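Protein chains: 2
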Amino acid sequence: MSATLSNQVSQEKILTGDRATGQLHLGHYVGSLQQRVQLQHQYHQTILVADMQGLTDNGHNPKKVSSNILNVVADYLAVGIDPALTTICLQSAIPALAELSMFYSNLVSISRLERNPTVKNEIKSKDFGRSIPAGFLTYPISQAADITAFNATLIPVGDDQLPMIEQTNEIVRKLNSIANKPILKECKPLLSPVSRLPSTDGKNKMSKSMGNAILLSATEREIKQAVRAMYTDPGHLQIEDPGKVEGNVVFTYLDAFYPDKVYVEELKAQYRAGGLGDGKTKAILESCLQELIQPIRQRREKLMSDKGQLVEVLKTGTERAKDETGDVLNRVKNAFGLKLF
Amino acid sequence: MSATLSNQVSQEKILTGDRATGQLHLGHYVGSLQQRVQLQHQYHQTILVADMQGLTDNGHNPKKVSSNILNVVADYLAVGIDPALTTICLQSAIPALAELSMFYSNLVSISRLERNPTVKNEIKSKDFGRSIPAGFLTYPISQAADITAFNATLIPVGDDQLPMIEQTNEIVRKLNSIANKPILKECKPLLSPVSRLPSTDGKNKMSKSMGNAILLSATEREIKQAVRAMYTDPGHLQIEDPGKVEGNVVFTYLDAFYPDKVYVEELKAQYRAGGLGDGKTKAILESCLQELIQPIRQRREKLMSDKGQLVEVLKTGTERAKDETGDVLNRVKNAFGLKLF
Chain Y
0 MSATLSNQVS QEKILTGDRA TGQLHLGHYV GSLQQRVQLQ HQYHQTILVA
50 DMQGLTDNGH NPKKVSSNIL NVVADYLAVG IDPALTTICL QSAIPALAEL
100 SMFYSNLVSI SRLERNPTVK NEIKSKDFGR SIPAGFLTYP ISQAADITAF
150 NATLIPVGDD QLPMIEQTNE IVRKLNSIAN KPILKECKPL LSPVSRLPST
200 DGKNKMSKSM GNAILLSATE REIKQAVRAM YTDPGHLQIE DPGKVEGNVV
250 FTYLDAFYPD KVYVEELKAQ YRAGGLGDGK TKAILESCLQ ELIQPIRQRR
300 EKLMSDKGQL VEVLKTGTER AKDETGDVLN RVKNAFGLKL F
Chain X
0 MSATLSNQVS QEKILTGDRA TGQLHLGHYV GSLQQRVQLQ HQYHQTILVA
50 DMQGLTDNGH NPKKVSSNIL NVVADYLAVG IDPALTTICL QSAIPALAEL
100 SMFYSNLVSI SRLERNPTVK NEIKSKDFGR SIPAGFLTYP ISQAADITAF
150 NATLIPVGDD QLPMIEQTNE IVRKLNSIAN KPILKECKPL LSPVSRLPST
200 DGKNKMSKSM GNAILLSATE REIKQAVRAM YTDPGHLQIE DPGKVEGNVV
250 FTYLDAFYPD KVYVEELKAQ YRAGGLGDGK TKAILESCLQ ELIQPIRQRR
300 EKLMSDKGQL VEVLKTGTER AKDETGDVLN RVKNAFGLKL F
């Protein structure tokens, strides 16, 4: 609120989160987790364990969500997200998020939702057709509720999620127009500095169920196997042959994880010229990933051995989140003239 | 729970309510209010002042809702609904209703909602087209949340609302199947004993804005004018002419409100035969309605002169409702495996 704020914490608030539908993997690590560990020192950061959003396409298979909530919390803590700096909270346990969603759903038309490019693509890829659950079509409204409930102004996203930011800001402007004063803040995207990490087979989005992702809980053996099976250059049959670096997942992972970037460039040059085998590049990558994941895995194991403690972390963050979001809900209720008591 | 329940109160629970988009009128009086006054002695009855549902087609005009909440509460009390017997509560102030709606929305497809005949008709009559607000298309889900949140098993409805009961029971069955035990109760309709009262012009649905409804707050003069302007038989030009009773709004109202049914039948016979003028029938109806409305209007005026008291009634009922609905929410959260703390 003043220029003398300690630790130079920015006034911008960050909201981010994950659908609790699986353990987190290396894609999350480079795409968001690393960034969050840094951002928590500069910003008021909230991470939502999005169990409700996870249910929007798992309503009939809720175990997929419920069994992963503590996994995701353990992943957060294991990579260094600090609950003293970052509010880690559970979406379904914060009533204001549902209440705001109900208010906002009166301000967004069905056709507007159907035009949302992100949702359009997801509907196509999930093969919903007309059987799309209402909760899935309307989840951009629920995201707007999440963002505004925390007064968040900076939203870490991939560029495929920019339509979500636009939808949120449309709702913010409508609300402010109804209230006749700026009760909600518009948000802006914080684009991820790295592009999406490919799956180990180079084909699909990473997913635990497809077996093409390296989880943060991966064992030594799982890491070894995943790297060994990694997609490289199918035309690179003999060590002497020149090989392609583009689309070669081993090099993409080396780019993402190997600390010495100069060395990676040297490897690429050698691979392109011929004379560098996949066995060698994979060995380099594997040892790098083993070194990265080992301490995370160990911290994670310890965390998962005391689930009561994980629940406590989530509960404490959620209590804090309930306090914060109640204030925005009251402002929205006032805008609609419904705060009678 | 046992056969020795005091006062022979049924174990069936009733949920009913009104969209808070206008003052209540004689149509509500015969269609639901009278019935509620009786039912409150036999049943555990909850009346929801449905401000959130009112917003589903008034999101950009929330005053239409907010300005009518206390009006509706005053109408209830003025006709004899007793807050000691009936829980009168405010929909937007009960978080569990929004939270349950979010859970249920993952179990209902968009195409199922679009097939709902009641919603279909309303979309047509409101001329929404594709600009239908998400909250409006999904309001049957929200109604299912309302009904189940209160464990309601008897729902007073007109026959045009039977699809709402069916939609609710579909959700109940899905939930019970997910929970693998009967955590929610199916409900059944309690059909209104009287058919819908026509508007005074005999043309449309009664509505304050169309000036074709007699409000429970109508002044002596307003009642007189409304009855004088009432639609009768346009072919009945002279007193001596035979007149038509069917579609003659004056007789429909006499049927609905005049206590002496035998006398009304005599009047009908005379009107059909010729020799009974509209002036006479209207005078009889007017005096009957003046007598009915006068004490309601007086109680209503007194109630509206102390809005703090009305807020208090609503607040007390809402607190009770919050206690009741929290239990069902917990059961649903448990079914989804999300009750972590």
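Taken in sequence, the protein lines are chains Y and X. Mapped onto numbering that gives the first Met the number 0, the consecutive letters of the first sequence carry residue numbers 0 to 340. Mapped onto numbering that gives the first Met the number 0, the consecutive letters of the second sequence carry residue numbers 0 to 340. Cβ coordinates follow ideal geometry from the N, Cα and C atoms, glycine included. Model, not experiment: these values are computed from the prediction.
Give the interface partners of Y/D50 over in chain X, defined as CB-CB distance under 7 Å, in chain order. The answer, in chain order, is L337.
Helix, strand or coil: which one does DSSP assign to X/I222? In the structure shown, X/I222 sits in a helix (DSSP, three-state: H, G or I).
Closest by C-alpha distance to Y/D305, when choosing among Y/H24, Y/S31, Y/N70: The shortest C-alpha to C-alpha distance from Y/D305 to any of Y/H24, Y/S31, Y/N70 is the one to Y/N70.
Within-7 Å CB hit, Y/K314 to chain X: Closer than 7 Å to some Cβ of chain X, the Cβ of Y/K314 qualifies, so yes.
Judging by CA-CA distance, which residue of Y/N329, Y/S91, Y/R319, Y/Y230 is the nearest neighbour of Y/T251? That would be Y/Y230, whose Cα lies nearest to the Cα of Y/T251.
For X/L337 and Y/V310, which I take to be in contact (beta-carbon distance under 8 Å), what is that distance rounded to the nearest angstrom? About 12 Å separates the two Cβ atoms, so there is no contact after all.
May I ask you to report which of helix, strand or coil DSSP gives X/R195? For X/R195, the three-state secondary structure derived from DSSP is coil.
On the criterion of 16 or more Cβ atoms from any shown chain inside 10 Å, does X/Y262 qualify as buried, or is it exposed? Exposed: under 16 other Cβ atoms inside 10 Å.
Nearest to Y/A19 by alpha carbon, out of Y/N247, Y/G307, Y/L89? Comparing Cα-Cα distances from Y/A19 to each of Y/N247, Y/G307, Y/L89, the minimum goes to Y/L89.
Neighbour flag for Y/M101 against chain X, beta carbons, 7 Å: Answer yes: the Cβ-Cβ gap between Y/M101 and chain X drops below 7 Å somewhere.
Excluding the 5 residues preceding and the 5 following Y/P162 in the sequence, name in chain order all residues of the same chain whose CB lies nearer than 7 Å to its CB. Same-chain partners within the cutoff: N115, P116, T117.
Per DSSP, X/I347 forms a beta bridge with which residues? This structure does not reach residue 347 of chain X, given that chain X is present from 0 up to 340, and the question cannot be answered.
Taking the straight line between their C-alpha atoms, what separation do you get for X/D56 and X/G128? X/D56 and X/G128 have their C-alpha atoms roughly 13 Å apart.
Within chain Y, partners of X/A228 - CB distance below 8 Å: Here the premise fails: no neighbours, minimum Cβ distance about 33 Å.
For a contact defined as C-beta to C-beta under 7 Å, what are the partners of Y/P61 on chain X? Close to Y/P61, with beta-carbon spacing below 7 Å, are these residues of chain X in chain order: I177, F335, G336.
Check X/C287 in the structure and name its three-state DSSP category. DSSP, read as helix, strand or coil, puts X/C287 in helix.
When you compare only the Cα positions, how much space is there between Y/H235 and Y/A228? Cα to Cα, the separation comes out at about 15 Å.
Might you give, ordered along the chain, the residues of its own chain that have their beta carbon closer than 7 Å to the beta carbon of X/A144, omitting 5 neighbours on each side? Contacts found: L96, L99, S100, Y103.
Skipping 5 residues on each side, what residues in its chain have a beta carbon closer than 8 Å to that of X/S286? Nothing meets the Cβ criterion.
Starting from X/P188, trace the beta strand (DSSP E) in both directions and tell me its first and last residue. It spans 187 to 190 - the beta strand (DSSP E) in which X/P188 sits, taken as one unbroken run.
Work out the CA separation of Y/S124 and Y/V296 for me, nearest whole Å. The sequence given here has Arg at residue 296 of chain Y, not Val. Whole-angstrom Cα-Cα distance: 32 Å.
Give the residues of chain Y in contact with X/G417, contact being defined as C-beta atoms less than 7 Å apart. What the structure shows of chain X is the stretch from 0 to 340, and residue 417 of chain X is not part of that stretch, so it cannot be assessed.
Just mark X/M205 as buried or exposed, buried being the case when its beta carbon has 16 or more other beta carbons within 10 Å. Flag for X/M205 reads buried.
Buried or exposed: X/D126, going by 16 or more other Cβ atoms within 10 Å of its Cβ? By the neighbour-count rule (16 or more Cβ atoms within 10 Å), X/D126 is not buried but exposed.
Contacts that X/L54 makes with chain Y (C-beta to C-beta distance below 8 Å): Chain Y residues near X/L54: F102, N105, F335.
Can you look up X/L84 in the DSSP assignment and give me helix, strand or coil? Shown here, X/L84 sits in coil according to DSSP, grouped into three states, outside any helix or strand.
Verify the contact flag: X/F335, CB atom, against every heavy atom of the ligand FMN, threshold strictly below 6 Å. Within the structure as shown, the ligand FMN is missing, as the structure has no ligands at all.
Do we get a CB-CB distance below 7 Å when we pair X/T3 with the residues of chain Y? Because X/T3 carries a pLDDT of 39, less than 50, the predicted location of this residue cannot be relied on, and the following value inherits that uncertainty. No, X/T3 lies away from the interface with chain Y (no Cβ there is under 7 Å from its Cβ).
Quick check on Y/A49: does DSSP put it in helix, strand or coil? If DSSP states are grouped into helix, strand and coil, Y/A49 belongs with the strands.
Proximity winner among Y/G79, Y/Q44, Y/K173, relative to Y/F149 (alpha-carbon distances): Comparing Cα-Cα distances from Y/F149 to each of Y/G79, Y/Q44, Y/K173, the minimum goes to Y/Q44.
I need the DSSP call for Y/S91, collapsed to helix, strand or coil. The three-state secondary structure of Y/S91, taken from DSSP, is helix.
Could you please give the first and the last residue of the uninterrupted alpha helix (DSSP H) stretch that includes Y/E239? Per DSSP, Y/E239 belongs to no alpha helix (DSSP H) and is neither H nor E.
Boundaries (first-last residue) of the alpha helix (DSSP H) holding Y/P258: Looking at the DSSP string, Y/P258 is not in any alpha helix (DSSP H), and its letter there is neither H nor E.
Closer than 7 Å to chain X by CB, Y/E169: Not one chain X Cβ lies under 7 Å of Y/E169.
Contacting residues, own chain, Cβ-Cβ under 7 Å from X/A77 (five flanking each side not counted): Within the same chain, Cβ atoms closer than 7 Å to the Cβ of X/A77 are found at L215, I295, R298, R299, L302, the five residues on either side in sequence being excluded.
Using only CA atoms, which one of Y/K187, Y/L54, Y/L189 lies nearest to Y/S91? When each option's Cα is compared against that of Y/S91, the closest is Y/L54.
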